[in-house]
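The opening position of the sequence shown corresponds to residue 120 in the numbering used here, with each subsequent residue numbered one higher. Shown next, in structure tokens, is the structure this report addresses.
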Amino acid sequence: MPIGPDNDDGASSLACFSATYAAARAKLHLAASEAGAVITRYVHPGVTGPDGDSLSVDVAAFGPPNATRSLLVLSGTHGTEGRTGSAAQLALVRSGALARLPADMSVILVHAINPYGFAYDTRTTENNVDLNRNFIDFSAPLPTNPAYQELHDSLCPAEWTATSRKATDDAIAAWIATNGQKAWLYSIMKGQYDDPTGLNFGGRAPEWSNQTLRAILREHLPAVRRLGFIDWHSGLGQTGEPFFLCFNDRGDANWQRACAWWGRVRVESAEGYEGGERPPYNGLVFYGVRNMIGTAQMTGAVIEFGTVPLKTTFDQLRIDRWLKFGRTPDEPTTLERMRREVAECFTPEDAAWRSRVVAHARAIQLQALDGVAHWV
Ligand SMILES: [Zn+2]
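What follows is the structure in structure tokens.
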């Protein structure tokens with residue numbers, strides 16, 4: 120029997136989380152199939168998982184294929200955040216709400232859009248590309264980020280030791296003292312297209328995951344005119360609380376709609392940047408989806424769940440990158456521990472955090488579902 124939003128308990132919330140990509144995928148498959156979804160697998164042709172099994176993006180489609188109104192929900196754009204997004208999707212399936220869709224509405228769940236990152240507990244794709252910076256026009260000159268270039272050596276040290284951390288933290292602090300906090304945040308958030316081994320690298324071409332998302336939209340949203348969109352993330356904002364990043368044009372009809380669905384205070388909050396202004400981003404999946412649907416309307420958000428303070432999250436991103444490109448000590452247990460700490464930073468094991476996140480995610484998705492159903 121499906122678990123409704125009103126009869127949930129802590130145990131069923133925790134059961135939405137999985138320990139691995141493979142387990143998360145299997146769990147979503149089973150629940151979505153039982154709830155009547157049509158499942159489509161997009162198998163990655165170039166990489167396999169840690170266990171040697173294939174990696175795939177999996178789509179669970181509810182409702183008619185030619186629906187003109189749809190809700191599109193993504194998980195795992197950043198691989199380490201995939202367990203949280205997958206749990207959110209599963210919470211929606213288990214809510215039972217997808218069995219009661221209006222006649223002209225579909226819900227498309229895209230599970231693990233970056234399956235490599237999810238399976239290996241890393242932010243990026245198999246090419247060290249931040250998928251959420253990869254949706255740019257590659258026929259145009261690549262965006263530049265000279266501030267990142269100045270910071271690259273400090274952000275990405277070859278060694279990760281107490282000494283190297285002290286030296287690089289001092290260098291970064293000096294850079295911020297000269298250039299300001301705002302410039303610092305911009306340099307690390309907006310993405311960079313110069314260094315393929317660096318942080319927030321946006322790529323030199325559309326990633327397989329990018330091309331796959333395009334195929335998914337062509338195949339599953341051919342007639343959409345009104346699209347609700349959620350891209351689940353974690354690591355920004357107050358612990359256990361949702362932080363909304365609405366990339367609709369501030370104040371326009373889609374922005375107002377997002378405020379109506381989720382509450383203006385939430386949509387307009389800048390809390391995730393510790394009070395700072397939201398930096399400009401290049402190449403977001405949000406922008407990619409909006410471009411792909413042409414003249415159709417789209418209301419949506421990247422929605423984060425806060426885990427730990429921004430400085431800690433950011434250091435874990437540096438470690439994530441260092442584990443791939445740095446001079447690592449040959450102590451496998453140390454490296455494994457560090458990899459687990461990266462994963463823990465973005466999807467904490469803490470039961471209270473997990474219960475809270477699932478409750479929020481379920482409610483937020485039901486609000487979006489209701490919003491799309493009544494969108495005039
Ligand atoms: Zn993210």
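Beta carbons are placed, not taken as given, at the ideal position from N, Cα and C, and that holds for glycine.
Which residues in the same chain have their Cβ closer than 7 Å to the Cβ of L304, if we skip the five residues on either side of it in sequence?
Taking the first residue of the sequence shown as position 1, residue 304 is located at position 185. Contacts found: Y392, G395, P398.
Looking at C-alpha atoms only, which residue of P183, E269, Q330, P428 is the closest neighbour of T358?
Your numbering for residue 358 matches position 239 in the sequence shown. Out of P183, E269, Q330, P428, P428 has the C-alpha closest to the C-alpha of T358.
For the putative contact between F465 and S353, defined by C-beta atoms under 8 Å, what is the C-beta separation to the nearest angstrom?
Residue numbering aside, residue 465 sits at position 346 when the sequence shown is read from its first letter. Residue numbering aside, residue 353 sits at position 234 when the sequence shown is read from its first letter. With a Cβ gap of about 5 Å, F465 and S353 count as contacting.
Quick one: residues in its chain with C-beta nearer than 6 Å to the C-beta of D125, no 5 flanking neighbours on either side, listed in chain order?
To locate residue 125, count along the sequence shown from 1; it is residue 6. For D125, the predicted model reports a pLDDT of 43, less than 50, meaning its position is unreliable; a value from the coordinates is still stated below. Within the same chain, D125 has no close Cβ partners at all.
Give the DSSP-derived three-state secondary structure of I412 in the structure shown.
Against the sequence shown, residue 412 aligns to sequence position 293. Here I412 sits in coil by DSSP.
Please specify which runs of the alpha helix (DSSP H), each continuous and at least 4 residues long, are wholly inside the stretch 415 to 463, giving them in chain order.
Listed in chain order, they are 429 to 444.
Using a threshold of 7 Å, state whether the C-beta atoms of A480 and A207 are closer than that.
Numbered from 1 along the sequence shown, position 361 holds the residue referred to as residue 480. Numbered from 1 along the sequence shown, position 88 holds the residue referred to as residue 207. Their beta carbons are under 7 Å apart, which means A480 touches A207 by this criterion.
Just checking my contact of A179 with A210 at CB under 8 Å: how many whole Å lie between their CB atoms?
Numbered from its first residue, the sequence shown carries residue 179 at position 60. Numbered from its first residue, the sequence shown carries residue 210 at position 91. No, A179 and A210 are not in contact; Cβ-Cβ is about 13 Å, not under 8 Å.
Does the Cβ of I122 have 16 or more other Cβ atoms within 10 Å, making it buried, or fewer, making it exposed?
The residue labelled residue 122 in the question sits at position 3 within the sequence shown. In this prediction, I122 scores a pLDDT of 37, lower than 50, which makes its location untrustworthy; the coordinate-derived value is nonetheless stated afterwards. By the 10 Å Cβ count, I122 comes out buried.
Quick one: give me the first and last residue of the alpha helix (DSSP H) that H479 is part of.
Position 360 of the sequence shown, counting from 1, holds the residue named residue 479. From DSSP, the alpha helix (DSSP H) with H479 extends over 470 to 492.
Tell me where the alpha helix (DSSP H) around W303 begins and ends.
In the sequence shown, residue 303 corresponds to position 184, counting from 1. 300 to 308 is the extent of the alpha helix (DSSP H) around W303.
Just to check my reading of the structure: A462 and T159 have Cβ atoms closer than 8 Å, yes? What is that Cβ distance to the nearest angstrom?
For the purposes of this step, residue 462 is taken as the residue at position 343 of the sequence shown. For the purposes of this step, residue 159 is taken as the residue at position 40 of the sequence shown. In fact, because the Cβ distance is near 28 Å, the residues do not count as touching under 8 Å.
Who are the near neighbours of W374 in its chain, counting only those whose CB is closer than 7 Å to its CB and skipping five residues on each side?
The residue you call residue 374 lines up with position 255 of the sequence shown. So the qualifying residues of the chain are C365, N367, D368.
Considering only DSSP beta bridges, list what S175 is partnered with.
If you number the sequence shown from 1, residue 175 lands on position 56. Answer is V162.
Could you have a look at A290 and say whether DSSP puts it in helix, strand or coil?
Here the question's residue 290 lines up with position 171 in the sequence shown. Of the three classes helix, strand and coil, the one that applies to A290 here is helix, per DSSP.
Taking C-beta to C-beta, are L191 and I227 nearer than 7 Å?
Working through the sequence shown from its first residue, we reach residue 191 at position 72. Working through the sequence shown from its first residue, we reach residue 227 at position 108. Result yes, Cβ atoms of L191 and I227 sit closer than 7 Å.
With distance defined between alpha-carbon atoms, name the residue in R459, H148, A492 nearest to T418.
As a first step, residue 418 is located in the sequence shown; it is residue number 299 there, counting from the start. Ranking the options by Cα distance to T418, first place goes to A492.
What's the C-alpha gap between A154 and K146?
By one-based count along the sequence shown, residue 154 stands at place 35. By one-based count along the sequence shown, residue 146 stands at place 27. Approximately 12 Å between the Cα atoms of the pair.
Roughly how many whole angstroms lie between the Cα atoms of D351 and I483?
Within the sequence shown, residue 351 is the residue found at index 232, counting from 1. Within the sequence shown, residue 483 is the residue found at index 364, counting from 1. Strictly speaking, residue 351 in this sequence is Trp, with Asp absent from that position. Distance between the alpha carbons of W351 and I483: 11 Å.
Report whether the distance from the Cβ of E200 to the nearest heavy atom of ligand 1 is below 6 Å.
Position 81 of the sequence shown holds residue 200. Yes, the Cβ of E200 comes within 6 Å of a heavy atom of ligand 1.
Is there contact here, the stretch 135 to 142 with the stretch 234 to 244, by at least three beta-carbon pairs under 8 Å?
Cβ pair count under 8 Å is three or more, so yes.
Which runs of the alpha helix (DSSP H) at least 4 residues long sit entirely within the stretch 228 to 289? Give them in chain order.
Taking only runs of at least 4 residues, the alpha helix (DSSP H) segments lying wholly in the stretch 228 to 289 are 234 to 238, 265 to 274.
Figure out for me which residue from A259, T203, T287, W279 has the closest Cα to the Cα of H271.
Position 152 of the sequence shown holds residue 271. The option with the nearest alpha carbon to H271 is T287.
Would you call the stretch 260 to 267 and the stretch 161 to 177 in contact, with 3 or more CB pairs under 8 Å?
No, the stretch 260 to 267 does not touch the stretch 161 to 177.
Would you tell me roughly how many angstroms separate the C-alpha atoms of H163 and T331, rounded to the nearest one?
The count along the sequence shown starts at 1 and reaches residue 163 at position 44. The count along the sequence shown starts at 1 and reaches residue 331 at position 212. Straight-line Cα distance between these residues: approximately 9 Å.
For the alpha helix (DSSP H) that contains V495, what are its first and last residues?
Residue numbering aside, residue 495 sits at position 376 when the sequence shown is read from its first letter. Neither: V495 is in no alpha helix (DSSP H) and is coded neither H nor E.
At the level of alpha carbons, what is the spacing between G370 and T280?
Walking along the sequence shown from the start, residue 370 turns up at place 251. Walking along the sequence shown from the start, residue 280 turns up at place 161. G370 and T280: Cα-Cα distance of roughly 46 Å.
Taking 8 Å as the threshold, find out whether the stretch 403 to 412 comes into contact with the stretch 314 to 322 through three or more Cβ pairs.
Too few Cβ pairs lie closer than 8 Å, so no.
Mind listing, in chain order, the continuous alpha helix (DSSP H) runs of no fewer than 4 residues lying wholly within the stretch 320 to 368?
Counting only runs of 4 or more, we get 327 to 339.
If V421 sits next to F320, beta carbons under 8 Å apart, how far is it from one beta carbon to the other, in whole angstroms?
The sequence position of residue 421 within the sequence shown is 302, counting from 1. The sequence position of residue 320 within the sequence shown is 201, counting from 1. With 8 Å as the limit, V421 and F320 do not qualify as a contact, their Cβ atoms being about 19 Å apart.
Whole angstroms are fine: how far does the CA of C378 sit from the CA of P341?
Against the sequence shown, residue 341 aligns to sequence position 222. Against the sequence shown, residue 378 aligns to sequence position 259. Straight-line Cα distance between these residues: approximately 27 Å.
Here's the rule I'm using: 16 or more other beta-carbon atoms within 10 Å means buried, otherwise exposed. How should T414 be labelled?
In the sequence shown, the residue the question calls residue 414 occupies position 295. The residue is exposed, with fewer than 16 neighbouring Cβ atoms inside 10 Å.
Here's a check: name, in chain order, each residue in its chain whose Cβ is nearer than 6 Å to the Cβ of E269, leaving out the five neighbours to either side.
Position 150 of the sequence shown holds residue 269. Excluding sequence neighbours, E269 sits near nothing in its chain.
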